[in-house]
Amino acid sequence: MIHWPLLLKLANDKQLMLLDSQQAWLDEREHLRGQSLLLIDSQGVSYRCQNGDLLPSGEQVPLSEIVKWVSDYACQNGHFCSAKIGADSLTQLFDMVRYLEAQ
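As structure tokens, this is what we get:
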């Protein structure tokens, strides 16, 4: 069972996207067809997209790796230096991505 929201990461790209619902995923997945994606739900479960469906990947992505993704995403968008990013939970990281998307 997917616990929304999902953090979507494009492979080999610093771009992140927060998807708040299944409908948001359905709206975006056509635009992402053919991309290598990694998605992480609010409980830390990671998913891969196969033929438009989300399947658990069995991969455990460390929180430190997700902090790096958010840091890179923030720097790419000129918001703040990567050295200033720190988080103790996925909730904090998801909130940071939500803030960055709103800017």
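Using my numbering, you'd call the opening residue of the sequence shown number 106 and step up by one each time. Virtual Cβ for every residue (Gly too), placed ideally from N, Cα, C. What you are looking at is a predicted structure, and each value in this text was computed from that prediction instead of being measured.
Once the 5 residues before and after residue i are set aside, which same chain residues still bring their CB inside 7 Å of it?
{"i": "Ser162", "result": "Ser151, Tyr152, Arg153"}
{"i": "Glu164", "result": "Ser151"}
Would you say residue i and residue j are within 8 Å of each other, going by their C-beta atoms?
{"i": "Ala192", "j": "Val172", "result": "yes"}
{"i": "Ala179", "j": "Ser141", "result": "no"}
So, at 6 Å on beta carbons, what are the nonlocal neighbours of residue i in its own chain, with the 5 sequence-adjacent residues on each side left out?
{"i": "Gln181", "result": "Lys119"}
{"i": "Met122", "result": "Leu113"}
{"i": "Gln148", "result": "His108"}
For residue i, tell me which candidate among the options has the shortest Cα-Cα distance.
{"i": "Val175", "options": "Ile107, Leu113, Asp158, His108", "result": "Leu113"}
{"i": "Leu143", "options": "Asp132, Leu124, Asp200", "result": "Leu124"}
{"i": "Gly157", "options": "Glu135, Met201, Leu205", "result": "Glu135"}
{"i": "Ser194", "options": "Gln155, Gly183, Ile145", "result": "Ile145"}
{"i": "Ser169", "options": "Gly183, Gln155, Leu198", "result": "Leu198"}
{"i": "Gly139", "options": "Pro110, Gln155, Tyr204", "result": "Gln155"}
Just how far apart, CA to CA, sit residue i and residue j?
{"i": "Leu159", "j": "Ile190", "result": "29 Å"}
Given 7 Å as the limit, tell me if residue i has its C-beta closer than that to any heavy atom belonging to the ligand NAD.
{"i": "Leu205", "result": "Ligands are entirely absent from the displayed structure, and the ligand NAD is therefore not among its contents."}
Using 8 Å as the limit for Cβ to Cβ distance, is residue i near chain D?
{"i": "Glu164", "result": "No chain D is part of this structure, which consists of one protein chain only."}
For residue i, which residues from the same chain have a beta carbon less than 8 Å from its beta carbon, with the 5 sequence-adjacent residues on both sides left out?
{"i": "Glu206", "result": "Met122, Leu123"}
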